[in-house]
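Structure, as structure tokens:
2 protein chains.
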Amino acid sequence: MKEEKKLVRVMGGESVSPPPIWLMRQAGRYLPEYRALRAKAGSFWTMCMNPEMACEITLQPIRRFGFDAAIIFSDILVVPAALGVKVEFEENIGPVLEPVSDIAGLETDRSKWGSTLAPVYEALRLTRAKLDSSTALIGFAGAPWTLATYMAEGRGSSDQRAAKLWFYRDPTSFAQLLDVLGDCVAQHLARQIEAGADVVQIFDSWASGLPASAFEACVIAPTKRVVQKLRAIHSHAKIIGFPRATTLAGYERYARETGVDAISLDTSVPMAWAAKNLNIPVQGNLDPIALLAGGDALARATDEILEAMCGKPFIFNLGHGVLQETPPEHVAELVARVRAS
Amino acid sequence: MKEEKKLVRVMGGESVSPPPIWLMRQAGRYLPEYRALRAKAGSFWTMCMNPEMACEITLQPIRRFGFDAAIIFSDILVVPAALGVKVEFEENIGPVLEPVSDIAGLETDRSKWGSTLAPVYEALRLTRAKLDSSTALIGFAGAPWTLATYMAEGRGSSDQRAAKLWFYRDPTSFAQLLDVLGDCVAQHLARQIEAGADVVQIFDSWASGLPASAFEACVIAPTKRVVQKLRAIHSHAKIIGFPRATTLAGYERYARETGVDAISLDTSVPMAWAAKNLNIPVQGNLDPIALLAGGDALARATDEILEAMCGKPFIFNLGHGVLQETPPEHVAELVARVRAS
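Order-wise, the sequence lines are chains Y and S.
At position 49 of the first sequence the residue is numbered 48 (numbering that gives the first Met the number 0), and the sequence of numbers has no breaks.
At position 330 of the second sequence the residue is numbered 329 (numbering that gives the first Met the number 0), and the sequence of numbers has no breaks.
Structure follows, in structure tokens:
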């Protein structure tokens, strides 16, 4: 299909030159137009749950930079919220959740999830209607493991301690938690596709630091189940997986076993290694701090990635989200450089 | 040499069964006897800089658990302090340093470094005199990159932003900073060996998240220089390197190129991979959270590591430091299990 969006073509295995580009957290606080809207809205969660606002924020970076994909403005914690967990966003602290230590209190009736999640689908529909037909729309969800780390700890946790303790001490009930999460994640991704998402991304932001057997039980197996459940509903769903900062062996295994169509890599992965060892399309992996630095360092880092992935099915992105201190001009320079490659 | 300490034998390439065991941060707040001393001393830094106290704290876990090695109680930030950087430890925040943005103000006259570092050497002498001859004594230092991350940021930084920005924007002056640090680190390790350390460990705690070219410039090359400088003084220095949470390719390269005798691995590295791919003795890599969990999970995780490393030159350790909430009984169980293997 000649008219297919670039991002979707790459996910089908095609090498496109120049490669499509979008950035994780491309909508956000580094943009003055976002900060202006945020000042009016009051809170991050209000913006996520207001379809018009979420649509507007999703479109802001597309207007400015003409990225090849728009990612819906939302948050991974909408899934715990749909399961009945109280989620609040505290200024300068981040998300605070009512900690969960067993699955008994979770809302497992999927017909109830929509009351929380419906605004995300409405935002996708509004955005799809306003987007150029050449721009892909991306929906997303957190992976079960990463969501479990927030739910067990009650907040973000750099060592994922509460979730790991739960897994070590009671692997059976922790597996049940991952299953409930996987059901809701698969359902949420399916509804996003129905609302207009061309592609969905699964963020496993806390996949690092897991011993090999825990990585299998907490990342590989639950992701595989999400992919299977989603494909049972939409057999052609296009899925990007991002097991952030796992080992190279972890990325390799994830690419081979989970069934995702493409894999997103963090900044430490040598792209020459990826080009040689990963058997699916790759996304990544510019250092967000190189984007913040700008200048020669940004140009060099960009070129290194483009050279390593030349001739491969590749999506240009960062290795992590845009930092809020990033000058928007650096983003414009990056897009221009990738487009000129 | 039949009488050689187990740790030293392993570092010479010998497989010892059961393997020697010690734990990173084995002296510390999880031990009531440490907390009692801390309550009297008032501050962490006071204890580091008081040779009698540092000696006593170093010996506490040896008395309790009979580890095969004692690591001197000190801190990696003694090196920036020796270079004239003001370092303070704030309760519940951690170290706070006067941020450094150029090397002009640093004390590069090595004859001046001793006034700050002498208490560390005295602590080593006192400890060596009290240690059983079969117990190895370990000295240590932070690697240049990790020290630079603290100095540039003025504190610990999970994304190493200030150091990366300096490196990206002015690689020449950043390389000079790494050189000054490397001089002081090599000197500090040499003096520790003279004071009785059998082995030294270089901690590169913030080696994760570096793109491949930055890893080469900031971790591999400076570590290689430290090793060369140290070996120019003590040709038989026994060195363990710990480029924490780098990629598998990073560990492989570090083991092959820096010249260290042994490599310490974080918890995410599959030990079966290490046994197959690393050409030097290996240390690691039990999850500190498995140690905190205890019970079956601890036993299983311990056995997995022991099995993977069976017949290899191997030092049992954690993948990161002991957590302060760890019950000392779990540590005793771990030591017993390793010794019974």
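Where a beta carbon is used, it is the ideal one built from N, C-alpha and C, also for glycine.
- Residues of chain S with a Cβ closer than 8 Å to the Cβ of Trp44(Y) do not exist, since the nearest Cβ in that chain sits about 24 Å away.
- Val95(S): member of the beta strand (DSSP E) spanning Gly93 to Leu96, first to last residue.
- The beta carbon of Lys163(S) falls within 8 Å of a beta carbon belonging to chain Y, placing the residue at that interface.
- Here Ala298(Y) has Arg336 as same chain residues with Cβ atoms under 7 Å from its own Cβ, once five neighbours each way along the sequence are excluded.
- In the structure shown, Glu87(Y) adopts extended strand secondary structure according to DSSP, grouped into three states.
- When Val281(S), Arg154(S), Ile61(S) and Met23(S) are compared, the shortest CA-CA separation from Glu87(S) is found for Arg154(S).
- If you ignore the 5 residues before and after Glu106(Y), its C-beta comes within less than 8 Å of the C-beta of Ala81, Leu82, Gly83 and Trp112, all in its own chain and listed in chain order.
- Remark: C-beta atoms of Pro280(Y) and Met23(Y) do not approach each other more closely than 8 Å.
- Under the Cβ distance rule, Gly113(Y) does not count among the residues neighbouring chain S, no pair being separated by less than 8 Å.
- Contacts with chain S at 8 Å (Cβ-Cβ) include Pro269(Y).
- Residue pairing of Gln282(Y) in beta bridges, as defined by DSSP: Ser263(Y) and Ile314(Y).
- Chain order gives the chain S residues near Leu247(Y) as Thr246, Leu247 and Ala248, where near means a beta carbon separation below 7 Å.
- Val198(Y) is bridged by DSSP to Ile137(Y).
- Interface criterion not met: the Cβ of Gly153(S) is under 8 Å from no Cβ in chain Y.
- DSSP, reduced to helix, strand and coil, places Asp203(Y) within a strand of the structure shown.
- Residues of chain Y whose Cβ lies closer than 8 Å to the Cβ of Thr266(S) are, in chain order, Gly208, Leu209 and Pro210.
- Contact of Leu291(S) with chain Y by beta-carbon distance below 8 Å involves Arg160 and Leu164.
- Of all alpha-carbon atoms in Ala194(S), Lys163(S), Val99(S) and Ile71(S), the one lying nearest the alpha-carbon of Arg124(S) is that of Ala194(S).
- Per DSSP, the continuous beta strand (DSSP E) segment holding Ala69(Y) begins and ends at Ala68 to Ile70.
- DSSP, read as helix, strand or coil, puts Gly240(Y) in strand.
- Contact between His329(Y) and Gly293(Y) holds, with the beta-carbon distance rounding to 4 Å and staying under 8 Å.
- With fewer than 16 neighbouring CB atoms inside 10 Å of its own CB, Lys85(S) falls in the exposed class.
- Residue Ala331(S) holds the alpha-carbon nearest to the alpha-carbon of Leu30(S) among Ser340(S), Ala339(S), Arg338(S) and Ala331(S).
- Gln200(Y) is classed as buried because its beta carbon has at least 16 other beta carbons within 10 Å across all chains shown.
- Distance from Ala261(Y) to His233(Y) at the Cβ level is roughly 16 Å; contact not present, criterion being Cβ atoms closer than 8 Å.
- About 11 Å separates the Cβ atoms of Thr126(S) and Ala68(S), ruling out a contact at the 8 Å cut-off.
- In the displayed model, Ile304(S) falls within a helix according to three-state DSSP.
- Looking at the backbone, the Cα of Glu3(S) and that of Asn49(S) are separated by about 30 Å.
- Against chain S, the CB of Asp182(Y) has no partner CB under 8 Å away; the residue lies outside that interface.
- For Arg224(Y), the CB contacts under 6 Å within the same chain, skipping 5 residues up- and downstream, are Gly181 in chain order.
- At a cut-off of 8 Å between C-beta atoms, Asp286(S) counts as an interface residue with respect to chain Y.
- Among the CB atoms of chain Y, one or more fall inside 8 Å of the CB of Trp272(S).
- Annotation note: the stretch 125-178 of chain S contains the following uninterrupted alpha helix (DSSP H) runs of length 4 or greater, listed N- to C-terminal: 143-152 and 160-168.
- The Cβ of Glu303(Y) sits closer than 8 Å to at least one Cβ of chain S.
- Residue range Ala220 to Ile232 is occupied by the alpha helix (DSSP H) that includes Pro221(Y).
- In this structure, the CA atom of Glu97(S) is about 45 Å from the CA atom of Pro17(S).
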